[in-house]
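Taking it in order: structure first as structure tokens, then the write-up.
Number of protein chains: 2
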Amino acid sequence: MAKQISELKLGILGGGQLGRMLIQEAINYNLTTLVLDPDHEAPCKNLANYFECGSITDFDTVYKFGKKADVITIEIEKVNIEALEQLEKEGKMVFPQARVIRLIQDKGIQKQFFKENDIPTAPFQLANTKEDLLNSSFPFPYMLKQRKDGYDGKGVMRINTIADLDNAFDSPCLIEELVDFEKEIAVIVSRNSNGEVKTFPMVEMEFNAEANLVEFLISPSTYPEHVQERAETIAKNIAAALNITGLLAVEMFITKDGQILVNELAPRPHNSGHHTIEGNYVSQFDQHLRAVFNLPLGDTRAINNAVMLNVLGEKGHDGVAKYQGLEKIMAIDGVYVHLYGKKYTKPFRKMGHITIVDQNREAAIEKANLIKETLKVIS
Amino acid sequence: MAKQISELKLGILGGGQLGRMLIQEAINYNLTTLVLDPDHEAPCKNLANYFECGSITDFDTVYKFGKKADVITIEIEKVNIEALEQLEKEGKMVFPQARVIRLIQDKGIQKQFFKENDIPTAPFQLANTKEDLLNSSFPFPYMLKQRKDGYDGKGVMRINTIADLDNAFDSPCLIEELVDFEKEIAVIVSRNSNGEVKTFPMVEMEFNAEANLVEFLISPSTYPEHVQERAETIAKNIAAALNITGLLAVEMFITKDGQILVNELAPRPHNSGHHTIEGNYVSQFDQHLRAVFNLPLGDTRAINNAVMLNVLGEKGHDGVAKYQGLEKIMAIDGVYVHLYGKKYTKPFRKMGHITIVDQNREAAIEKANLIKETLKVIS
Numbered sequence: 001m002a003k004q005i006s007e008l009k010l011g012i013l014g015g016g017q018l019g020r021m022l023i024q025e026a027i028n029y030n031l032t033t034l035v036l037d038p039d040h041e042a043p044c045k046n047l048a049n050y051f052e053c054g055s056i057t058d059f060d061t062v063y064k065f066g067k068k069a070d071v072i073t074i075e076i077e078k079v080n081i082e083a084l085e086q087l088e089k090e091g092k093m094v095f096p097q098a099r100v101i102r103l104i105q106d107k108g109i110q111k112q113f114f115k116e117n118d119i120p121t122a123p124f125q126l127a128n129t130k131e132d133l134l135n136s137s138f139p140f141p142y143m144l145k146q147r148k149d150g151y152d153g154k155g156v157m158r159i160n161t162i163a164d165l166d167n168a169f170d171s172p173c174l175i176e177e178l179v180d181f182e183k184e185i186a187v188i189v190s191r192n193s194n195g196e197v198k199t200f201p202m203v204e205m206e207f208n209a210e211a212n213l214v215e216f217l218i219s220p221s222t223y224p225e226h227v228q229e230r231a232e233t234i235a236k237n238i239a240a241a242l243n244i245t246g247l248l249a250v251e252m253f254i255t256k257d258g259q260i261l262v263n264e265l266a267p268r269p270h271n272s273g274h275h276t277i278e279g280n281y282v283s284q285f286d287q288h289l290r291a292v293f294n295l296p297l298g299d300t301r302a303i304n305n306a307v308m309l310n311v312l313g314e315k316g317h318d319g320v321a322k323y324q325g326l327e328k329i330m331a332i333d334g335v336y337v338h339l340y341g342k343k344y345t346k347p348f349r350k351m352g353h354i355t356i357v358d359q360n361r362e363a364a365i366e367k368a369n370l371i372k373e374t375l376k377v378i379s
Numbered sequence: 001m002a003k004q005i006s007e008l009k010l011g012i013l014g015g016g017q018l019g020r021m022l023i024q025e026a027i028n029y030n031l032t033t034l035v036l037d038p039d040h041e042a043p044c045k046n047l048a049n050y051f052e053c054g055s056i057t058d059f060d061t062v063y064k065f066g067k068k069a070d071v072i073t074i075e076i077e078k079v080n081i082e083a084l085e086q087l088e089k090e091g092k093m094v095f096p097q098a099r100v101i102r103l104i105q106d107k108g109i110q111k112q113f114f115k116e117n118d119i120p121t122a123p124f125q126l127a128n129t130k131e132d133l134l135n136s137s138f139p140f141p142y143m144l145k146q147r148k149d150g151y152d153g154k155g156v157m158r159i160n161t162i163a164d165l166d167n168a169f170d171s172p173c174l175i176e177e178l179v180d181f182e183k184e185i186a187v188i189v190s191r192n193s194n195g196e197v198k199t200f201p202m203v204e205m206e207f208n209a210e211a212n213l214v215e216f217l218i219s220p221s222t223y224p225e226h227v228q229e230r231a232e233t234i235a236k237n238i239a240a241a242l243n244i245t246g247l248l249a250v251e252m253f254i255t256k257d258g259q260i261l262v263n264e265l266a267p268r269p270h271n272s273g274h275h276t277i278e279g280n281y282v283s284q285f286d287q288h289l290r291a292v293f294n295l296p297l298g299d300t301r302a303i304n305n306a307v308m309l310n311v312l313g314e315k316g317h318d319g320v321a322k323y324q325g326l327e328k329i330m331a332i333d334g335v336y337v338h339l340y341g342k343k344y345t346k347p348f349r350k351m352g353h354i355t356i357v358d359q360n361r362e363a364a365i366e367k368a369n370l371i372k373e374t375l376k377v378i379s
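One line per chain: the protein sequences are A and X, in this order.
Counting along the first sequence from 1, when you hit position 257 you're at 257 in UniProt numbering, and nothing is skipped either side.
Counting along the second sequence from 1, when you hit position 240 you're at 240 in UniProt numbering, and nothing is skipped either side.
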């Protein structure tokens with residue numbers, strides 16, 4: 001018999017909430033987990049079988065850490081790719097593959113990949129410096145995105161007029177046409193090394209404009225079947241073009257004229273899949289483990305309507321976190337609390353999420369609104 | 001604001017699979033967990049924030065361990081009660097309460113409690129020695145149970161004739177009339193300190209006669225509503241009579257003439273509630289945490305038909321565990337694997353459980369039968 005999942009060691013680069021929820025699932029398979037994270041109080045610290053406090057962007061640290069594992073995965077894209085490539089050369093299984101992370105790390109290369117593979121996406125242009133931006137004839141208004149290291153709304157700004165360029169990033173950037181969208185949607189697709197592919201049902205997102213973060217996520221979507229199928233097909237096409245092993249979150253826009261445009265990719269468990277823990281037969285975390293260990297993929301169907309709500313640090317609060325209203329929201333049926341084990345809160349920090357499951361979609365949304373008003377992370 | 005669950009420390013006596021699944025749930029609340037277990041390779045070892053290898057029956061060890069926690073609970077009844085009583089005197093919250101554990105630890109006192117509180121149960125007699133058994137006029141055949149420390153089919157034997165008494169226990173025992181039962185059932189009831197009480201829907205069990213262990217558990221039951229209500233009312237009455245805080249599993253028989261008789265109690269998460277992780281809105285583990293921290297109890301309704309199957313060590317295998325057929329069963333939709341992190345298997349050792357969830361009850365049972373034939377724990 002080949003080595004089984006219960007005998008293998010999974011190395012995870014990054015020890016945040018995504019790693020934490022991955023470990024919660026890994027426990028069910030007796031999987032040994034190793035985590036590398038620069039924060040000595042990372043959410044995974046007490047859960048991993050082995051926790052190393054160290055840089056995930058340093059070649060030597062990542063390489064030496066990876067040598068200890070049988071399979072290496074990520075919960076954040078900003079990792080040292082060269083070390084992963086070296087580990088792959090030496091026969092380690094790195095999923096998603098280093099070349100996939102390299103491509104996705106850079107929003108410019110990501111966009112070019114879309115173009116080369118006929119993946120629908122908003123028109124764009126690349127710029128290396130602020131000077132390039134000033135010389136560009138790309139029409140205002142547009143979105144300006146740093147090619148690397150942006151996340152959770154950071155590294156993104158809207159440029160309305162040439163005057164806004166005063167504060168623009170002076171680093172390799174991507175200029176993107178503003179999309180007049182009706183809805184932001186996401187599809188998570190998974191693929192194992194045998195080439196088995198499954199998508200989770202398409203979900204709809206509501207954004208908090210101020211925080212530039214997903215506020216509500218609603219699953220499943222109520223868009224017509226053919227729209228959902230189109231979104232799921234796009235996700236599958238991207239997974240196939242990337243030849244990825246693991247999970248891939250595909251964020252898309254539905255424009256007001258009915259087009260679907262791909263916004264961004266994440267080759268790992270993603271905020272847009274948290275609701276799957278309770279809302280779907282298989283969770284995105286279980287599915288990621290199945291994919292990277294080349295096990296049969298699980299049933300992605302929705303069990304129930306699910307609304308996911310990010311729990312963000314309250315404005316004006318910075319310090320040891322307290323969860324005001326927690327007891328009140330736990331009195332509501334079908335409410336699942338997921339706190340991420342972060343000791344300190346700060347404005348808009350992702351401190352946890354709440355999933356609401358209800359047979360009635362409107363009731364689930366109503367509960368989500370009530371919870372949003374009730375639960376506050378203060379210090 | 002009073003101290004919140006995320007700021008509290010839960011001490012768990014026992015570090016087996018029940019503690020392990022309790023910790024998986026506790027992670028969602030940022031709860032700090034401390035575990036005491038005599039086995040340095042206990043399933044909880046790598047998951048608890050603090051793990052202590054030590055005796056759970058020794059006064060000093062339990063007392064000192066308990067001093068470190070805010071709330072103390074158990075995952076096994078065989079613990080040092082005197083230490084828990086002392087901790088209660090000093091103001092620690094011990095849930096279930098020490099007096100409840102004391103009562104349930106002793107099957108003789110448990111039966112007397114049933115009698116005093118008009119809880120229906122099979123006729124019985126107590127015996128202190130083998131001599132008492134030989135002198136008893138209790139009619140054969142009967143079940144002979146050791147009053148203390150029996151579990152998983154150990155400490156129980158069937159006495160058909162006086163000749164069987166040669167091998168009988170020579171310790172305080174309980175003689176119990178054989179129940180001609182149609183079905184073994186269970187109801188888990190939970191109660192918080194505010195007195196809020198909720199029962200999980202009644203489940204049906206199928207036993208493996210050879211291992212004397214639950215083999216299949218089916219949720220929810222298909223017995224008529226009035227039978228289920230009666231079972232749930234009995235469970236609530238017991239919880240009220242005990243004035244328990246926490247979870248209480250009530251194992252019962254439905255006799256061929258339609259009576260419900262209580263068999264045994266367990267004041268903690270229980271094998272008969274494992275299916276609730278995926279099969280019900282709230283899991284027994286979440287509910288136990290809610291109860292002991294005096295939080296609102298969750299929605300116990302079944303989401304789907306669920307069948308739970310214990311994964312037992314194969315006969316003739318003793319050594320490092322391998323899970324034959326695991327990949328095959330993971331290819332079946334709605335199948336959830338829970339391995340308990342035990343390195344070594346031995347015949348009939350509980351190594352894990354599998355839950356099968358399906359909208360069709362018969363399909364779920366069929367899948368369970370297939371899994372039983374496919375998955376083998378060997379060495």
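Beta carbons are placed, not taken as given, at the ideal position from N, Cα and C, and that holds for glycine.
Buried versus exposed, by CB contacts within 10 Å (16 or more), residue i
i	result
Gly319/X	exposed
Gln97/X	buried
Glu131/A	exposed
Ala2/X	exposed
Pro141/X	exposed
Asp60/A	exposed
Glu25/X	buried
Asn28/X	buried
Glu82/A	exposed
Lys256/A	exposed
Thr222/A	exposed
Gly11/X	buried
Ser219/A	buried
Glu232/X	buried
residue 412/A	Past the boundaries of the shown model lies residue 412/A; chain A is included only from 1 to 379, so the question cannot be answered.
Asp180/X	exposed
Asn30/X	buried
Asn167/A	exposed
Anticipated Cβ contact below 8 Å, residue i with residue j, distance rounded
i	j	result
Asn192/X	Leu289/X	Wrong, their Cβ atoms sit about 10 Å apart, outside the cutoff.
Ala241/A	Asn117/A	5 Å
Gln110/X	Ser190/X	Not quite, the Cβ-Cβ distance comes to about 19 Å (not below 8 Å), so this is no contact.
Val71/A	Ile101/A	Contact doesn't hold; Cβ gap of about 15 Å is too wide.
Thr374/X	Lys328/X	5 Å
Where the beta strand (DSSP E) containing residue i begins and where it ends
i	result
His275/X	First-last for His275/X: undefined, no H or E at that position.
Ala266/A	260 to 266
Arg191/X	181 to 191
Lys198/A	197 to 199
Met308/A	305 to 312
Phe207/X	203 to 208
Leu10/X	9 to 13
First through last residue of the alpha helix (DSSP H) which encompasses residue i
i	result
Thr233/X	225 to 242
Ala26/A	17 to 26
Ile5/X	No alpha helix (DSSP H) holds Ile5/X; DSSP gives it neither H nor E.
Leu326/X	326 to 330
Leu289/A	284 to 292
Touching by the beta-carbon criterion (3+ pairs, under 8 Å), the region 271 to 282 of chain X and the region 196 to 210 of chain X: Yes: at least three Cβ pairs fall under 8 Å.
I'd like to know if the region 363 to 377 of chain A and the region 329 to 338 of chain A are in contact, where contact means that at least 3 CB-CB pairs between them fall below 8 Å. yes
Three-pair Cβ contact test at 8 Å for the region 297 to 310 of chain X versus the region 244 to 260 of chain X: no
I'd like to know if the region 202 to 209 of chain X and the region 157 to 170 of chain X are in contact, where contact means that at least 3 CB-CB pairs between them fall below 8 Å. no
Please specify which runs of the beta strand (DSSP E), each continuous and at least 3 residues long, are wholly inside the region 92 to 176 of chain X, giving them in chain order. 124 to 127, 142 to 146, 156 to 159
Would the region 177 to 188 of chain X count as touching the region 264 to 276 of chain X if we require 3 or more Cβ pairs under 8 Å? Touching, per the Cβ criterion.
Jot down the residue ranges of each uninterrupted beta strand (DSSP E) in the region 32 to 87 of chain A, minimum 3 residues, whole runs only, in chain order. 32 to 37, 50 to 53, 71 to 74
Does the region 65 to 72 of chain X touch the region 84 to 96 of chain X, meaning 3 or more C-beta pairs lie closer than 8 Å? yes
Secondary structure, beta strand (DSSP E): runs of 3+ residues fully inside the region 332 to 378 of chain A: 335 to 339, 350 to 358, 376 to 378
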